[in-house]
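Residue numbers (the UniProt record's numbering): 1 to 244.
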């Protein structure tokens, strides 16, 4: 195993990502945007097998395309020997795509596989949670009070003010420079968010990480995976990958 990509909100999302990675020419999400990477289809319409370099390039390319570019994902490199290759591939892709790739919010880590993600997040995010809890009892946009342990809220990484995730998404959508995007009215999910208090510009996925922290008690972040890994059969039946 060379690397692991994690941070998906459900097993269905993870399975869809894996399927698309294995069949990039069959998925509408990648067959045009990543057409130059990897091999094409056989005469029977099946995906040809790619080599390791193409597989690595596909993963990095997918992380720069929606919907994955807006998810707070982590690419954990387990093999030190490919660390430089990963960094090079990322730099090459961002140089080639320019502004189109600037909104991707995944991050690269080099942690041993034994490290639990939730335990790692709990330790690094505890100070942020404590500080925001001590100073924020209401949304900084609509001024409605938060319900502890229930309300979905995002924390500005600069000024530590909190807001409902729906409020900040509706008023803070911007581009990488902090200016309103030309297609703001057509966007379902923003790439960047501008804090209405301090004007700091953050990637949407970075704010989602703070939402995830608030939705799960810190002491529970390092608990067993059993509850999270239980997937309702109806969820599997209702979720599908569009290969048209």
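Cβ atoms here follow ideal geometry from the backbone N, Cα and C, with glycine treated the same way. Computed from a predicted structure; not experimentally measured.
So does the segment 178 to 190 actually touch the segment 153 to 165, counting three or more Cβ pairs closer than 8 Å? no
Less than 8 Å between the beta carbons of residue 97 and residue 64, yes or no? Walking along the chain shown from the start, residue 97 turns up at place 97. Walking along the chain shown from the start, residue 64 turns up at place 64. Yes, these two residues count as a Cβ contact at 8 Å.
Quick check on the DSSP output: the beta strand (DSSP E) that includes residue 202 runs from which residue to which? To locate residue 202, count along the chain shown from 1; it is residue 202. Element bounds for residue 202: 201 to 203.
By alpha-carbon positions, which one of 55, 33 and 198 ends up nearest to residue 1? Sequence index remark: in the chain shown, residue 1 carries index 1 (1-based). Out of 55, 33 and 198, 55 has the C-alpha closest to the C-alpha of residue 1.
Boundaries of the alpha helix (DSSP H) in which residue 267 is found, first to last residue: The chain is shown from 1 up to 244; residue 267 falls before or after that span and cannot be answered.
From the beta carbon of residue 27, is the nearest beta carbon of chain C less than 8 Å away? In the displayed structure, chain C is absent; only one protein chain is listed.
Would you mind reading off the limits of the beta strand (DSSP E) that contains residue 108? Taking the first residue of the chain shown as 1, we reach residue 108 at position 108. That run of the beta strand (DSSP E) goes 107 to 109.
Checking 8 Å against the spacing of the C-beta atoms, do residue 154 and residue 104 come in under that value? Locating residue 154 in the chain shown gives position 154, where the first residue counts as 1. Locating residue 104 in the chain shown gives position 104, where the first residue counts as 1. Going by C-beta atoms, residue 154 is not nearer than 8 Å to residue 104.
What's the gap between the Cα of residue 12 and the Cα of residue 137? Within the chain shown, the letter at position 12 stands for residue 12. Within the chain shown, the letter at position 137 stands for residue 137. Residue 12 and residue 137 have their alpha carbons spaced roughly 34 Å apart.
Taking the continuous beta strand (DSSP E) assigned at residue 12, which residues delimit it? Here the question's residue 12 lines up with position 12 in the chain shown. Unbroken run through residue 12 is the alpha helix (DSSP H), 11 to 22; no beta strand (DSSP E).
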